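Numbering (UniProt numbering), first residue to last: 1 to 215.
Built from N, CA and C at the ideal position, the CB exists for glycine as well.
The model shown is predicted, which means the values in this text are computed figures rather than measured ones.
These notes are about the structure you will find just below.
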């Protein structure tokens, strides 16, 4: 029977493998729809297939990997319906959070969101940095609404959205539109108007879905 140290070491290994796989998927080194060659990956990583399979189970729960009976693991491919459903869920969850932040956020928290937005404005020509800061803005707003279950769900949904080949911000002019929507949202938050903040956040995701469908 393995001792506790070996059990914890094994758990740490499969989580590290899961993180590495996640990065490869997000970086398109493993493309959506592609079969995952477990034998090759295990050899590349210098590990046995056991922690790799445990890592794949983690990514399957997150929705990044699809397990097919007798065919193995595949990187999940987003359909148009998948994209629409995820955007609508994000709109519901984040608009509710925006209303709560408008009601209860401290001046320091609103200043933090304003600072993140200003960083976004400065990163318009730096796509990867812009995407990361945009996600930080949304996740910080969620954190300020103090509902860890909503944060967890949104975090998982945002991971899945990175599989989308036609990201809304890829469409010409969408980044500038998104920034204008953020400015309006920030104004509603700072003016403490919950209904307007919720409406603007819903519109932000509705417009993002339209852009993703036409990208």
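Subject >> For residue 176 and residue 184, the rounded distance between their alpha carbons >> reply: Numbered from its first residue, the chain shown carries residue 184 at position 184. Numbered from its first residue, the chain shown carries residue 176 at position 176. C-alpha separation (whole angstroms): 13 Å.
Subject >> DSSP beta-bridge partners of residue 65 >> reply: Position 65 of the chain shown holds residue 65. Residue 65 has 75 as its beta-bridge partners, per DSSP.
**OP:** Closer than 6 Å by C-beta to residue 39: which residues in its own chain qualify, once you throw out the five before and the five after it? Chain order, please.
**Re:** By 1-based counting over the chain shown, the position of residue 39 is 39. Within the same chain, residue 39 has no close Cβ partners at all.
Subject >> Extent of the continuous alpha helix (DSSP H) run through residue 197 >> reply: Translated into positions along the chain shown, residue 197 becomes position 197. Boundaries of the alpha helix (DSSP H) harbouring residue 197: 194-214, taken from the DSSP string.
**OP:** Scan the stretch 105-155 and note each continuous alpha helix (DSSP H) run of 4 residues or more that stays entirely inside, going in chain order.
**Re:** Listed in chain order, the complete alpha helix (DSSP H) runs (minimum 4 residues) inside the stretch 105-155 are 107-122, 127-144.
**OP:** Could you tell me the boundaries of the alpha helix (DSSP H) in which residue 34 lies?
**Re:** Numbered from its first residue, the chain shown carries residue 34 at position 34. Per DSSP, residue 34 lies in no alpha helix (DSSP H) and is assigned neither H nor E.
Original post:
If you compare alpha carbons, which of 202, 83, 145 is closest to residue 214?
Top reply: For the purposes of this step, residue 214 is identified with residue 214 of the chain shown, where counting begins at 1. When each option's Cα is compared against that of residue 214, the closest is 83.
Original post:
CA-CA distance, residue 33 and residue 48?
Top reply: Taking the first residue of the chain shown as position 1, residue 33 is located at position 33. Taking the first residue of the chain shown as position 1, residue 48 is located at position 48. Taking the straight line joining both Cα atoms gives about 24 Å.
Original post:
Below 8 Å, can you find three or more Cβ-Cβ pairs linking the stretch 84-96 to the stretch 195-211?
Top reply: These segments touch.
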